[in-house]
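Visitor:
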Amino acid sequence: MDLSFGSEYETFRTEVRDFITNNRENAPSSRSNPADAKQWQKTLIENGYTARTIPEAYGGFGAKPDIIRSRIIAEEFADSGIQGGMGGQGISMLVPTLLEVGSEAQKLEFVKPTIEGDMVWCQGYSEPGAGSDLASLRTNAVMDGDDWVINGQKIWTSTAHLADWIFCLVRTEPDAKKHHGISFLLFSMDTPGIEIRPLVDMTGVANFNEVFFTDVRVPAHQIVGNRGQGWQVANAILSHERDMLGNPDAALSRFNSLIDLMQKETIAGEKAINHPVFRDRLMQLQGRIMAMRFNDMRILSSRLNEGQDASLARMIVKLQGTELRHDLEGLAIDVLGELGLAYGDNDYTRNNGTWQSQYMYQLGLIIGGGTSQIQKNIISERGLEMPREPRPAQ
Amino acid sequence: MEFGLSQEQTLLQDSVNRFLNDQVSLDEVRKVAAADKDDKAIWQGLTELGIPALIIPEDKGGVGLGAVEAAIVAELLGYHATPSPFISSAIMAPVALAGKRDDLVANIAAGTCRVGIAFGEAIAAKDKAGVTASNNKLSGLSLFALDIDADYYLVATNDQQLYLVTANAVKRNNMATIDLTRTTCELVFNESEAELISTDTEDFNRALDIGRIMLAADTLGAGQNMIDQAVSYAKEREQFDRPIASFQAVKHMCAEMAAGLEPCRSMVWYAAHAYDNLPEETRLTTCHTKAHISEVGKFVAKTSTEVHGGMGFTDLVGLHYWFKRIGFNRQLLGSPELLRQQAAQLQGLAA
Ligand SMILES: Cc1cc2nc3c(=O)[nH]c(=O)nc-3n(C[C@H](O)[C@H](O)[C@H](O)COP(=O)(O)OP(=O)(O)OC[C@H]3O[C@@H](n4cnc5c(N)ncnc54)[C@H](O)[C@@H]3O)c2cc1C
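Next up, the structure:
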C-alpha cells in the first residue's frame, strides 16, 4: 500500500496551486457572462488544466495521458472552490466518444469548437416510449440520396434550447434486432424541421425539452461509427457519463459548505452544529463520503496497477454517489427548517438557494443516466451474476 | 500510488483462508457456541500460522507486520465467524504492552499467553460498572471484558489509565451475549493487585484505535459472508417455478447490500494504512470506519436474513451466527453514535 503520488507529482501539485493563486481573479462565477467563461476555458486549455490529453491537432493541450495528473488537477480545483474546465454533454460525453470512435474529419471538425465552448451540444437519446429501455427507441432515419431523413421525437433533452448541435440515436435498420438497428448521428439544431418545446422541471427551470423531428435532412457522413453500431457508440458515452455522476469530490466540497452552514445558523439561539441529532446526521454523511472517497482511490489504483480488480467498486458509484448527494442537500434543508423552504428571489435563502435546487437536481441525477433501479439491476446481474428477469412469453 | 493488497498480503490472506476453510466449519463454530468445545484448538492452529505474533516486532519474537495485515486476518475471522481471542490478545494487548512488558509480548507471540481486554468503562461506563485505581490496586467492576480464558487482563480505568492484572487476582464471571463465537466476562475488582502500564491516555487510544479497526474489518468479513450466502441461496431456491434470484425484489436487496459493503473494504484498508502511516488522520478515520461499517453491517445482517426467508430465521443454516457477530461488533468499543460524537469532537464540532 503506497498512497503517495511521489515527488514528481507533488511538484506538479505545487504548480497547479500556484496557477490557481495567480489566476483566481480571472475565474468566472456562476453569474459571469459567457465571454468570460470562454476566455477562462481557453486559459485552462493553454495551461493544460482542462482538455489536457486531447491532441493539439484537435485543439487540446496534448499531454500524455496521466491519470494522476488529471486527478491532482481535479482535487486542487475542487479544493480551491474555483471554476475548473467547462462541463456539459458535448465536452464530457461526446468529445471522449469522438476521440475513441469518430473519424479523423469528425475529430478535426467538432472537438476544438466544443472544448472551447463555441459549440454547445445536447444529447438526444430518450423518447416518450424509450427511457430505461433505451434500445426500443423509434425515431427513425431513412437514406434519401446523400442525406438521412429523420422523423420522430425525443424527450428530456437537456439544454436543447441552448444547443448548437445534437448527438442523436435514431433507428436506421428497422429489420435488425433492436440493439443492432440504431445509428449515432450528429446534426445542427438549426436544421429545418426541428421543433423544440421546453419542459419545466421540478426546480422551476425549463432546462430540458421535447424535440420533434419532421423530415430533418442530415448529410450521410454525419454518422459516428457505422450504420447499426449506434448502440455501441452510445454505450461508450454512457460509461463516461456514469463516471461523472456520483463523483465524491463534489460531495466533499458540498459537505464543507454544509459544515459552514451549521456553524453559522442558529436554532432557537443555539448553533445548529450543537444540535446533537443534526450533528449526528452530519457525521453519518461524513462517514459515507469517506467510504466513497476511499472507494474512488481503489478505482484509481486499479487503473494504475495491473491485476487489481475494482469492477464492483466502480459499478456502485452512480447509485451510491447520487443518493449520498441527495441526502446531503436534504440535511441542509432540515437544518434550516422553515428557512430551508425559502426559494427563488428571496432575501432569506442561504447559499443562493442551492440547497433546495440541488436537493431536487440530485433527484434528477438519481433518475437520469440510468435510474437507481437500473443500477441495481446492473450490480446484481453483472456484479453478483444473478439471473436476468425472464422475458414474458411472446 | 498503489491502493490494494500486495502479493505478500494476498499470500497471507490465502493461507489464513485455507486454514479457516479447513478447520473452522460451521459445525466447529456450533460446537464452540454450544460450549462443547472452547476456542483453544483453533487458536493453536492460528498460532502455528503465526497469527498471535503477526504485528509484534521481530526483535520481540513476532512477525513484524502491520495493521493492514491485521485487518486482512480480522476480515477473514469475521468471514468464518471464527471463535478466537485475536482482537484482544494478538492485537490490542501487544500494542499497549510493547516496551512495558516485552516478556509477556513475547509469550503472546509464542501463543503461550492470552491477554484479555477490559476497556468498556473507559469508553462509556454502563450500569453499575466502573474501575478506579489506587496504589496499584484496582476496585470496581468491568463488564463485557473480552476473553473468558485469558491469563491476564489489560484494564482501562474510568480515566483511561492502563493496568495489567493476572486472571487469578480478579473474580471472573462469564457474561452471556448474543454472540456465542466470542466470550466476554464480568471482572470484579476488590483491591486487586495490578501493575501500572501507562497513565498516558495516548497509549489507551492507540490500543483502542486498532481494536476498532479490527472490529470494523471483522464486520466487513462477516457482512461479505452473509452477502455470499444470500446470493448463492437465492440462485438455488426456487419459487413460482424460477430461482428467487431472478425476482427483482431479491436482486435489488442483494445489490443494495453489495453497494453498501463494497466501499467498506477500501475504508478498512485505508484506516489500517493510516494507523501505521498517517498519524494525523488515524483517529477520525477510525471513528468513521467503525461507525459506518457498523451501519452497513446492520443492514446487511437484516437483509441477507430476509433473502433466506424462514430458513434465515432458523438455526438450520446458522446465518444467525454472523448476524449476531455483526451485532456484537457494533456495540463493542464504541457504538456508532458514540463514535460519531467523538468524530465531531476531534474536528472541533462538538464540545
Ligand atoms: C434531469 C434529467 C436530465 C435528463 N437529460 C437527458 C438528456 O439530456 N438526454 C436524454 O436523452 N435523456 C435525458 N434524461 C432522461 C433519462 O435518461 C431518463 O429519464 C431515464 O433513463 C429514465 O427513463 P424514463 O424517464 O423513461 O423512466 P422509465 O424508464 O419509464 O422508468 C420509470 C420507473 O421504472 C423503473 N424501471 C424501468 N425499467 C426497469 C427495470 N428494467 N427494472 C426495474 N425498474 C425499472 C425506473 O427505475 C423508474 O423508477 C434526463 C433525465 C433527467 C431526470
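Protein sequences, first through last, are from chains A and B. Mapping of the first sequence onto the numbering used here: position 286 corresponds to residue 286, and the numbering continues sequentially without gaps. If you want the numbering used here, it's the position in the second sequence, counting the first as 1, plus 394. We put the beta carbon where it would ideally sit given N, CA and C, even for glycine.
I'd like to confirm the pairing. Which residues does DSSP put opposite B/T578 in its beta bridges?
Guide: B/L540, B/M569, per the DSSP bridge assignment.
Visitor: To test your reading of the DSSP string, which unbroken beta strand (DSSP E) runs of 3 or more residues are found completely within the segment 89–163 of chain A?
Guide: 121–124, 140–144, 147–158
Visitor: Under 7 Å: does the beta carbon of A/C122 sit that close to some heavy atom of ligand 1?
Guide: yes
Visitor: Report the residues of the segment 373–393 of chain A with a CB closer than 9 Å to any CB of chain B, ordered along the chain.
Guide: Result list: Q373, Q375, K376, N377, I378, I379, S380, E381, G383, L384, E385, M386, P387, R388, E389, P390.
Visitor: Cβ of B/I502 within 8 Å of Cβ of B/I449?
Guide: no
Visitor: Could you pull the DSSP bridge partners for B/Y546 from this structure?
Guide: B/V509, B/T560
Visitor: Give a yes or no on whether the C-beta atoms belonging to A/Q222 and A/L169 are separated by under 8 Å.
Guide: no
Visitor: Any idea what DSSP makes of B/A527, helix, strand or coil?
Guide: strand
Visitor: Run through chain A and tell me which residues come within less than 9 Å of B/A461, C-beta to C-beta.
Guide: The premise fails here: B/A461 is roughly 10 Å from chain A at the closest Cβ pair, so nothing lies under 9 Å.
Visitor: To be precise: take each residue of the segment 308–321 of chain A, compare its Cβ to all Cβ atoms of chain B, and keep it if any distance is under 7 Å. Which residues remain?
Guide: Those would be Q308, L312, A313, I316, L319, Q320, in chain order.
Visitor: Taking the Cβ atom as the reference point for each residue, do A/T322 and A/G246 lie within a distance shorter than 8 Å?
Guide: yes
Visitor: Could you name the residues of the segment 724–745 of chain B whose beta carbon sits closer than 7 Å to any beta carbon of chain A, in the order they occur along the chain?
Guide: E731, R734, A737, A738, L743, A744
Visitor: Ignoring anything shorter than 4 residues or poking outside the segment 604–681 of chain B, list the alpha helix (DSSP H) runs there in chain order.
Guide: Secondary structure within the segment 604–681 of chain B: the alpha helix (DSSP H) runs of 4 or more consecutive residues, fully enclosed, are 642–671 (chain order).
Visitor: Of all Cβ atoms in chain A, is any one closer than 8 Å to the Cβ of B/F397?
Guide: yes
Visitor: Would DSSP call B/K431 helix, strand or coil?
Guide: In the structure shown, B/K431 sits in coil (DSSP, three-state: anything other than H, G, I, E or B).
Visitor: Let me make sure I understand the geometry here. Which of B/A745, B/I687, B/V644 has the alpha-carbon closest to that of B/S698?
Guide: B/V644
Visitor: At what residues does the alpha helix (DSSP H) containing B/L491 begin and finish?
Guide: Run containing B/L491: 487–491, per the alpha helix (DSSP H) assignment.
Visitor: Taking only beta-carbon atoms, is A/M290 less than 8 Å away from chain C?
Guide: Reference to chain C is not applicable here, since the protein chains of this structure are A and B.
Visitor: Contact check, A/M292 vs A/L324 under 8 Å by CB: the rounded distance?
Guide: 7 Å
Visitor: If we define contact as Cβ-Cβ less than 8 Å, is B/P488 a contact residue for chain A?
Guide: no
Visitor: Round the Cβ separation of A/L384 and B/A652 to the nearest angstrom and send it over; I've been treating them as touching at under 8 Å.
Guide: 6 Å
Visitor: Who are the neighbours of A/F5 on chain B, taking C-beta pairs under 9 Å?
Guide: M395
Visitor: Identify the residues that DSSP records as bridge partners of A/T266: which are they?
Guide: As computed with DSSP, A/T266 is found in a beta bridge with A/K271.
Visitor: Hey, could you find the ends of the alpha helix (DSSP H) A/I367 is sitting in?
Guide: 354–367
Visitor: According to a CB-to-CB cut-off of less than 7 Å, which residues of the segment 178–199 of chain A neighbour chain B?
Guide: none
Visitor: Throw me the rounded Cβ distance for the A/R298 and B/F397 pair, which I believe falls under 8 Å.
Guide: 5 Å
Visitor: Kindly indicate if chain B contains any beta-carbon less than 8 Å away from that of A/F294.
Guide: With its beta carbon less than 8 Å from one in chain B, A/F294 belongs to the interface.
Visitor: Measuring CB to CB, does B/T683 end up less than 8 Å from B/A610?
Guide: Contact flag set, yes.
Visitor: Just to confirm, does A/I153 get its C-beta within under 7 Å of one of the non-hydrogen atoms of ligand 1?
Guide: The amino acid at residue 153 of chain A is misidentified as Ile; the sequence shows Gln. The answer is no for A/Q153.
Visitor: Taking the DSSP output, what are the residues bridged to A/D2?
Guide: In the DSSP output, where bridge partners are listed per residue, A/D2 has B/E396.
Visitor: Out of B/R576, B/F513, B/Q725, B/N567, which has the shortest C-alpha to C-alpha gap to B/V549?
Guide: B/F513
Visitor: Only counting the same chain, and skipping five residues up and downstream in sequence, which positions put a Cβ closer than 7 Å to that of A/P248?
Guide: Cβ within range, chain order: I289, M292, R293, D296, G321.
Visitor: Answer with yes or no whether the minimum CB distance from B/C507 to chain A is below 8 Å.
Guide: no
Visitor: Pop quiz: A/F5 and A/I68 are said to be a contact at Cβ under 8 Å. What is the actual Cβ separation, rounded to whole angstroms?
Guide: 5 Å
Visitor: Pull the bridge partners of B/V711 from the DSSP assignment, please.
Guide: According to DSSP, B/V711 bridges with nothing at all.
Visitor: Does DSSP classify A/S188 as helix, strand or coil?
Guide: strand
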